[in-house]
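Contents: one structure, followed by commentary.
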Amino acid sequence: MKDVVIIGGGASGLVASIFAAMNGNKVTILEKNNKCGKKLLITGNGRCNYFNNDMDINHYHTDNTEQLKKIITEENNKKILNFIDSLGIVHKIKNGYYYPYSNQATSVLNALVNKAKSLGVEIINDYNVLHIKKENHFIINDNIKAKNLIIAAGGKAYAKTGSDGSSYILASSLGHKINKPLPSLVKLTGNVPKKWAGIRSDVIVSLYENDKFIKSEAGEIQLTDYGISGICVFNISHFVSKGLSENKKEEVFINFAPFLKTDLITYLSAKKDLTISQILEGFLNYKLVNIILEKSHISKDSYFINLNNEEKNKLNNLVTSFPVLITGTKSFDEAQVTTGGVSFKEIDENMQSKIIPNLYIIGEAVDVDGDCGGYNIGFAFISGMIAGKSIKGDKNA
Ligand SMILES: Cc1cc2nc3c(=O)[nH]c(=O)nc-3n(C[C@H](O)[C@H](O)[C@H](O)COP(=O)(O)OP(=O)(O)OC[C@H]3O[C@@H](n4cnc5c(N)ncnc54)[C@H](O)[C@@H]3O)c2cc1C
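Numbering (numbering that gives the first Met the number 0) for the sequence shown: 0 to 396.
Here is the structure:
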């Protein structure tokens, strides 16, 4: 009989294993892949952005915000950062994002695996958990017995790294409610001009759902032949995924001139000696200028003073509020996280199931997802720490 079995050797499972082992438990990780942490290695473009300076709860989406406030606390943030430091990981912070100083996700993964191994954590690779039975203890795949079980098998995004939605099947077989998993931090598809593919621009995107304002985000947008991408787009994709699943109309308006201190009309009218296209090319990619002028039926060589009011309004709208009707999101295979998952309402502040004693569910498996910027690994780490700490082993019982 094992004290603690953890399903999944990713970000949350590895951290949970370390804290549970430090508590005097005999811990085993069952990992489906031939090694732990495949997803961790590709995070932050291989650099692993694991935390953020601003851990405000508003950067998260969940079905239980009150509970999340008890998890993402200043105290826990400090504890997890101290823990990462204690592994020998030197951090650097760029625009609030935490990275290992080495710029390599392998530094973080190796430090976690080495620490787990040094504490005697057993890691069984190539072990796919297919089913769990609960009697007095847990029975995994009919052969491994455990007093405590932690489901840390991740979400559904980027399944080639191992997390293919197993968490939901296993948790629901034990009676847990699963909120519909949907892709998030994902590219959006929409009715867009194909010719704008390849353009990048600093913008503000504003999301409207059924004509109601939802959220604005500033950042670099990537315009593609199928739609829009970039961090600012990822950070609104949670709402889009949910809205589309409820058949809501999702529309994004792009402000291509967020640097303007005045309104566009005043800006254009002040530049009397330049044509419209010359003014616009002063801050926009020429391909985008052509698209905007075509759409507003304005000739390239026109001067602002010669435009009628309708043309001026059209131009203003397309530059500062270019509409994109969203038709969908890219699939889970291209999403960074899953929104939805095991309802957080059924998990207590120790990350323990309120339904089955000694069952813990952590990381992306839970209905908690964050913005870009280290929030998802941050939650995986903190929830792993809390679960591991709260399982008292013989030494600490
Ligand atoms: C391309 C990409 C970039 C990202 N970049 C960032 C970033 O920079 N910052 C950030 O905060 N977040 C980032 N994320 C999100 C982040 O990686 C995840 O939210 C985080 O890894 C979740 O941790 P986890 O432990 O819950 O799940 P995972 O890290 O996915 O680990 C789950 C583990 O469980 C194993 N497993 C699954 N099913 C079974 C089973 N049945 N039996 C045994 N083992 C199983 C899997 O093989 C896997 O190793 C990124 C995600 C992607 C895809």
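The C-beta atom is built at its ideal place from N, Cα and C for all residues, glycine as well.
Would you give the residue range spanned by the beta strand (DSSP E) that residue i belongs to?
{"i": "Ala-158", "result": "Run containing Ala-158: none; DSSP gives neither H nor E here."}
{"i": "Ser-298", "result": "Note, Ser-298: premise wrong, no beta strand (DSSP E); not H, not E."}
{"i": "Glu-208", "result": "199–208"}
{"i": "Ala-196", "result": "Careful: Ala-196 lies outside any beta strand (DSSP E) and carries neither H nor E."}
{"i": "Ile-122", "result": "121–123"}
{"i": "Gly-327", "result": "321–328"}
Quick one: what does DSSP say residue i is sitting in, helix, strand or coil?
{"i": "Val-239", "result": "helix"}
{"i": "Asn-63", "result": "coil"}
{"i": "His-90", "result": "strand"}
{"i": "Gln-351", "result": "strand"}
{"i": "Ala-170", "result": "helix"}
{"i": "Gln-103", "result": "coil"}
{"i": "Thr-265", "result": "helix"}
{"i": "Leu-29", "result": "strand"}
Between which residues of its own chain and residue i is the CB-CB distance below 7 Å, once the five residues before and five after are set aside?
{"i": "Ser-171", "result": "Ile-177"}
{"i": "Leu-184", "result": "Phe-233, Ser-236, Ala-334, Gln-335, Val-336 and Cys-371"}
{"i": "Lys-353", "result": "Glu-345, Ile-346 and Asp-347"}
{"i": "Asn-124", "result": "Glu-30, Asn-32, Asn-33 and Lys-34"}
{"i": "Ile-381", "result": "Ile-70, Ile-71, Asn-75 and Ile-79"}
{"i": "Leu-259", "result": "Tyr-266"}
Below 8 Å, is the gap between the Cβ of residue i and the nearest heavy atom of ligand 1?
{"i": "Lys-397", "result": "Limits of the chain in this structure are 0 at one end and 396 at the other, which puts residue 397 out of reach."}
{"i": "Leu-111", "result": "no"}
{"i": "Tyr-225", "result": "no"}
{"i": "Asn-76", "result": "no"}
{"i": "Glu-121", "result": "no"}
{"i": "Ser-101", "result": "no"}
{"i": "Leu-283", "result": "no"}
{"i": "Asp-141", "result": "no"}
{"i": "Ala-152", "result": "yes"}
{"i": "Gly-373", "result": "yes"}
If I measure Cβ to Cβ from residue i and keep anything under 6 Å in the same chain, skipping five residues before and after, which residues do I get?
{"i": "Gly-372", "result": "Asn-51 and Tyr-96"}
{"i": "Glu-219", "result": "Arg-199, Asp-201 and Gly-229"}
{"i": "Leu-314", "result": "Ser-295"}
{"i": "Gln-277", "result": "none"}
For residue i, collect the residues of the same chain with a Cβ closer than 8 Å to its Cβ; drop the 5 residues on either side in sequence, then sort them by chain order.
{"i": "Leu-317", "result": "Ile-291, Lys-294 and Ser-295"}
{"i": "Met-384", "result": "Val-14, Ala-15, Phe-18, Asn-75, Lys-78, Ile-79 and Phe-82"}
{"i": "Phe-303", "result": "Leu-267, Ser-268, Lys-270, Lys-271, Ile-275, Ile-278 and Lys-311"}
What are the boundary residues of the alpha helix (DSSP H) that includes residue i?
{"i": "Asp-84", "result": "73–85"}
{"i": "Thr-42", "result": "No alpha helix (DSSP H) holds Thr-42; DSSP gives it neither H nor E."}
{"i": "Ile-385", "result": "374–389"}
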